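Before any comments, here is the structure.
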Amino acid sequence: MSPPAIVATDLDGTLLRGDGTVSARTRAALLRVRACGAMVVFVTGRPSRVMAGVVAQTTMSGLAICANGALVLDLNSGRAVRHRYLEHATALRLARDIRAAVPDVTFAVESGLRFGREPAFETMWPDPQELVAALPDLVVTLPATKLLVCRGNGRLAEVYDVIVELAGTDAVVTTSSANLVEIAGAGVSKAVALAELVADSGLGAADVIAFGDMPNDLPMFAWAGYSVAVANAHPDVLAAADEITASNDEDGVALILERLFPPSD
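Numbering (numbering that gives the first Met the number 0), first residue to last: 0 to 264.
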């Protein structure tokens, strides 16, 4: 394939190594993409509040899609340029219904640069400014970009379909790790946000290569002109990809970018 105009890549498990770092090889590949005039867009389930470290490691600028498509972040200013919330009433109904069906769940709320959680919820990104409270209080104080669901025994795969059924058409349910379910507003996905961003640039799906590793990347894979899964990806993502590269710890994204954007002589 010819060099794409836009490189859209997931972060955790895809571009980032297992320890959360960006390798020198991957950083050089990203800089090469930008030097060739193409655009790099991070498309991640991460909330905007934990993007600064990735930006510092990659030196990337421009726009990033966060929270599985619910928020578009200006990496230069740190401000949201587009933000879609989960409706307050929907968040409360889903929390009530999910807890009735799966009593040992606990909830948290991502709200742009702010985060709140129930006392029993264990977060992977501790926040000294977090709000710890009962869910109704969290939702009132922090409009939900995403409602996060964890379970005491960690086993969410067996109840994932139950949560999807409870959400119906009122919300979008996805997952980017084995022990977390993420719920966003109706119509929100990485694909929708990426399509809007690409259209704003006067381009289309055929101009995009997408990299990912987890089921929340599947809509993006279905939309983009070409999709690449890292070797450590979820089986469903491996099956959906146009190509499989090396793992995130083996610079799989960089391998593809070096082929598409070779150094000039």
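Each residue gets a CB set at the ideal place from its N, CA and C atoms; glycine is no exception. Keep in mind the model is a prediction, meaning the values are calculated, not measured.
{"query": "DSSP state of Val187 mapped onto helix, strand, coil", "result": "coil"}
{"query": "Cβ separation of Ile182 and Ala170, assumed to be a contact under 8 Å, to the nearest whole Å", "result": "5 Å"}
{"query": "Nearest to Arg24 (by Cα), restricted to the options Gly12, Gly44, Pro2 and Gln56", "result": "Gln56"}
{"query": "Buried versus exposed call for Trp222 [16 or more other C-beta atoms within 10 Å across all chains shown]", "result": "buried"}
{"query": "Own chain partners of His87 with C-beta closer than 8 Å, once the 5 adjacent residues on each side are dropped", "result": "Val138, Val139, Pro142 and Ala143"}
{"query": "Short Cβ contact (8 Å threshold) for Gly251 with Asp9", "result": "no"}
{"query": "Proximity winner among Thr89, Val80, Ser263 and Ser226, relative to Thr13 (alpha-carbon distances)", "result": "Ser226"}
{"query": "Buried versus exposed call for Gly111 [16 or more other C-beta atoms within 10 Å across all chains shown]", "result": "buried"}
{"query": "Beta-bridge partners of Thr244, as assigned by DSSP", "result": "Val229"}
{"query": "Alpha-carbon spacing of Val274 relative to Val172, whole angstroms", "result": "Not covered by the structure: residue 274. The range shown for the chain is 0 to 264."}
{"query": "Proximity to Phe260 [Cα-Cα], best of Ala27, Arg31 and Thr20", "result": "Arg31"}
{"query": "7 Å Cβ shell around Arg16 - same chain, five flanking residues per side excluded", "result": "Ser22, Asn247 and Asp248"}
{"query": "Same chain only: Cβ atoms within 8 Å of Glu242, ignoring 5 sequence neighbours per side", "result": "Tyr225, Ser226, Val227, Ala228 and Ile255"}
{"query": "Where Asp136 falls: helix, strand or coil (DSSP)", "result": "helix"}
{"query": "Status (buried if at least 16 other CB within 10 Å, exposed otherwise) for Ala119", "result": "exposed"}
{"query": "Simplified DSSP state of Glu257, which is helix, strand or coil", "result": "helix"}
{"query": "Rounded separation between Glu109 and Ser263 - CA only", "result": "43 Å"}
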